[in-house]
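Going by the working numbering, the first residue of the sequence shown is number 51, and it counts up by one from there. Heads up, the beta-carbon is just placed ideally off N, CA and C, and yes, glycines get one too. Source: prediction; values computed, not measured. Down below is the structure, laid out as structure tokens.
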Amino acid sequence: MKQIIVLAAFIALGLCISGIVLGFEDNIETIGTKTESAITSVSNSISGIGGS
């Protein structure tokens, strides 16, 4: 379970870094939304696996 949480954190970190590298400093809100949706989808897949 911890591994998946760490993976989600790396995904979020990767999105933030790639956003900064690509010069999207102005679109931090967009990056945050993408990060949130990524974490949500990971959480949903965790719940799906746990439920079945």
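query: Within 10 angstroms of the Cβ of glycine 69, are there 16 or more other Cβ atoms? Answer buried if so, exposed if not.; result: buried
query: What's the C-alpha gap between serine 110 and valine 71?; result: Because the chain is modelled from 51 through 102, residue 110 falls outside the range shown and cannot be assessed.
query: Can you list, in chain order, the residues of its chain whose CB lies under 8 Å from that of alanine 62, leaving out five sequence neighbours each side?; result: Thr85, Ala88, Ile89
query: Measuring only the C-alpha atoms, how far is serine 97 from valine 56?; result: 16 Å
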